[in-house]
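Visitor: There's a structure below that I have some questions on.
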Amino acid sequence: MSAVKVIRALLAVHAPVLALVPAARIVAGTVPQGMPLPAICLAEISRVELPTVSRGQRTVQVTARVQVTVHASTYPDQKAVLQAARLGAGAHTGTVAGVAVRSVMRDVVGPDMTDDEAGVYQQSRDFKVVFVEAN
23 MSAVKVIRAL LAVHAPVLAL VPAARIVAGT VPQGMPLPAI CLAEISRVEL PTVSRGQRTV
83 QVTARVQVTV HASTYPDQKA VLQAARLGAG AHTGTVAGVA VRSVMRDVVG PDMTDDEAGV
143 YQQSRDFKVV FVEAN
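Spelled out as structure tokens, the structure:
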């Protein structure tokens with residue numbers, strides 16, 4: 023959950039994202055039914071814990087991949103929000119939402135998806151989050 027917490031915290035203060043999506047519509051898990059669009063949902067899709075030789079240290083380094091999925095009512099809105107969710111240039115480091123972050127870097131972008139019945143356009147972008155947590 024820490025990786026999702028980190029990405030949510032970064033997106034919720036990123037001006038280009040906030041210009042398009044209120045922070046209340048950036049949610050962990052799935053976008054609740056009836057939530058106005060555009061909205062963003064976050065999910066941890068993989069996680070690797072780097073064990074120490076002694077396995078006795080109090081902390082462990084974790085590399086997690088977080089999928090940021092944009093939901094919008096039009097294709098142009100989908101693309102605009104996905105572009106804004108890039109989080110700018112470089113790697114983000116330091117303490118984010120109380121988590122010791124080694125780096126947050128962009129990863130792959132998923133395919134365009136459309137739910138024609140619901141009129142929802144979706145696309146995802148992944149981030150690799152390297153952080154330290156209690157062992």
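Each number in this note's numbering comes from the position in the sequence shown (counting from 1) with 22 added on. Built from N, CA and C at the ideal position, the CB exists for glycine as well.
Q145 and V82: beta carbons closer than 8 angstroms?
Guide: no
Visitor: In terms of DSSP beta bridges, what is I67 paired with?
Guide: I67 pairs with nothing; no bridge assigned.
Visitor: Which one of A86, P38, V90, V84 has the shortest CA to CA distance from I48?
Guide: When only C-alpha atoms are compared, the closest one is V90.
Visitor: Can you tell me which of the three DSSP states A119 falls into?
Guide: coil
Visitor: Hey, L33 and A107: beta-carbon distance below 8 angstroms or not?
Guide: yes
Visitor: Which of helix, strand or coil does DSSP assign to V35?
Guide: coil
Visitor: What does a CB cutoff of less than 8 angstroms around V70 pick up in its chain, not counting 5 residues either side in sequence?
Guide: V84, T85, A86
Visitor: Terminal residues of the continuous beta strand (DSSP E) containing A156?
Guide: 142-156
Visitor: Check each candidate in V126, A102, T96, E155 and name the one with the smallest Cα separation from A140.
Guide: Minimum Cα distance to A140 is reached at T96.
Visitor: Assign V53 to one of three DSSP states: helix, strand, or coil.
Guide: coil
Visitor: Less than 8 angstroms between the beta carbons of I29 and V154, yes or no?
Guide: No Cβ-Cβ contact shorter than 8 angstroms links I29 with V154.
Visitor: Tell me where the alpha helix (DSSP H) around G79 begins and ends.
Guide: First, the residue type needs correcting, since residue 79 is Gln and not Gly in the sequence shown. No alpha helix (DSSP H) contains Q79, which DSSP labels as neither H nor E.
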